[in-house]
Amino acid sequence: KSSHGAAMLARMKHEGIPIEAIFLEQRKTSKTGREALGALRRLGPITFSKVVLSKFIIEPLKLNREKWHYNDFYSQYSDKVIVVENFNDETCAERMKRVAPDVVVLGGSRILRQHIIEIPTLGVLNAHPGLLPKYRGVDVIPWAILNGDDIGVTLHFIDKGVDTGPVVFTEVLDNQNDDSLESLKKRAELLAAELMCKAIRILRDYGTLPVAHQSTESGQQYYKMPSHLLDKVNSKLLGR
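When you line the sequence shown up against the working numbering, it's residues 300 to 539, in that order.
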């Protein structure tokens, strides 16, 4: 369960926006026989036995418990909670076509392939916790803080690129004196949910959204921030 997705669902329920179905991804955790044999050779029989107990017995049982927990959580938002192994596989595509959505809202997802993006009539919307096109990718809030730039949320339609689709809304998030990195991320999630609901209301009433296409030559894709730089970001926030 992602906090980003949870904030989105809670805001949509609060505003009375109907959710036809919720798709969740739960990947298989089992190892192949060849991987297991390689682990046995590397670890030795005693350590290998502990790994098998952990990975093949304890971990799957934990996932099963979490699955029930997830279903209990998500069922408050929709009667259809659909669990797939991969958002891009054919099983997911077939199930989504049966639902026949007007619009798909992302609440934390892998990069979707074109055959999935094309299923909803109006498109796939994503609320990105960064100002596009300058900050694409992940960990863009700490990267922006480190670089001394504004932070904010961009609502956009997705395409086959990484955060490169047409922009609907962009809003800067004010940095308050008592903000930490975690509180900024939380506030960005709440703003993302607010902008998403605003867009859905406009789609419901008018059937379309005003968009601005991004320049493919501007901006940068960021990746997971190393821990030593995260320490600098936290120090920067504390030292305002």
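For each residue, glycine too, the CB sits at the ideal point set by N, CA and C.
_For THR453: DSSP bridge partner residues_ = Taking the first residue of the sequence shown as position 1, residue 453 is located at position 154. DSSP output for THR453 lists HIS427 and THR469 as bridge partner(s).
_Contact between the segment 388-402 and the segment 438-445 is defined here as three or more beta-carbon pairs at a separation below 8 Å; is this criterion met?_
no
*Roughly how many angstroms separate the alpha carbons of LEU424 and TYR373, rounded to a whole number?*
Within the sequence shown, numbered from 1, the residue matching residue 424 stands at position 125. Within the sequence shown, numbered from 1, the residue matching residue 373 stands at position 74. The alpha-carbon atoms of LEU424 and TYR373 are separated by roughly 20 Å.
*Per DSSP, which one or two residues make a beta bridge with ALA511?*
Stepping through the sequence shown from its first residue, residue 511 is reached at position 212. DSSP output for ALA511 lists VAL466 as bridge partner(s).
*Top-ranked residue by Cα proximity to LEU411, from GLY464, ASP401 and ASN446*: Here residue 411 refers to the residue found at position 112 of the sequence shown. LEU411 has its Cα closest to that of GLY464, out of GLY464, ASP401 and ASN446.
*Which value, in whole angstroms, describes the spacing of the CA atoms of SER479 and GLY538?*
Taking the sequence shown and counting its residues from 1, one reaches residue 479 at position 180. Taking the sequence shown and counting its residues from 1, one reaches residue 538 at position 239. If you take the alpha carbons of SER479 and GLY538, they lie about 11 Å apart.
*asked:* Starting from LEU323, trace the alpha helix (DSSP H) in both directions and tell me its first and last residue.
replied: As a first step, residue 323 is located in the sequence shown; it is residue number 24 there, counting from the start. Taken as a continuous stretch (DSSP letters only), LEU323 belongs to no alpha helix (DSSP H), being part of the beta strand (DSSP E) at 321-324.
*Assigned exposure category for ASN482 - 16 Cβ within 10 Å defines buried*: Reading the sequence shown from its first residue, position 183 is the one you call residue 482. It should be noted that the sequence gives Ser, not Asn, for residue 482. Result: exposed.
*Among the residues of its own chain, which have a CB less than 7 Å from the CB of ALA320, if the five just before and after it don't count?*
On the sequence shown, position 21 is the one that residue 320 refers to. SER377, LYS379, ILE381 and VAL398, listed in sequence order.
*Could you say which of TYR434, ARG503, ASP477 and LYS535 lies nearest to GLY315 if we only look at CA atoms?*
Walking along the sequence shown from the start, residue 315 turns up at place 16. The residue with the shortest Cα to Cα distance from GLY315 is ARG503.
*asked:* On the criterion of 16 or more Cβ atoms from any shown chain inside 10 Å, does THR453 qualify as buried, or is it exposed?
replied: Position 154 of the sequence shown, counted from the first residue, corresponds to residue 453. The residue is buried, with at least 16 neighbouring Cβ atoms inside 10 Å.
*asked:* Let me check understanding here. Comparing Cα to Cα, which of PRO432, PRO317, ILE457 and MET495 lies closest to SER517?
replied: Residue 517 sits at position 218 when you count from the first residue of the sequence shown. The candidate whose alpha carbon is nearest that of SER517 is PRO432.
*Measuring CA to CA, which of ALA305, HIS313 and ARG310 is closest to PHE322?*
Within the sequence shown, numbered from 1, the residue matching residue 322 stands at position 23. Comparing Cα positions, the closest option is ALA305.
*Could you spell out where the beta strand (DSSP E) holding GLY436 opens and where it closes?*
Along the sequence shown, one-based indexing puts residue 436 at 137. Counting along the chain, the beta strand (DSSP E) containing GLY436 begins and ends at 434-436.
*TYR522 lies in the alpha helix (DSSP H); which residues open and close that run?*
For the purposes of this step, residue 522 is identified with residue 223 of the sequence shown, where counting begins at 1. Segment: none, TYR522 is in no alpha helix (DSSP H) and carries neither H nor E.
*Hey, how far is the Cα of CYS496 from the Cα of LEU489?*
The count along the sequence shown starts at 1 and reaches residue 496 at position 197. The count along the sequence shown starts at 1 and reaches residue 489 at position 190. Between CYS496 and LEU489, the C-alpha separation is close to 11 Å.
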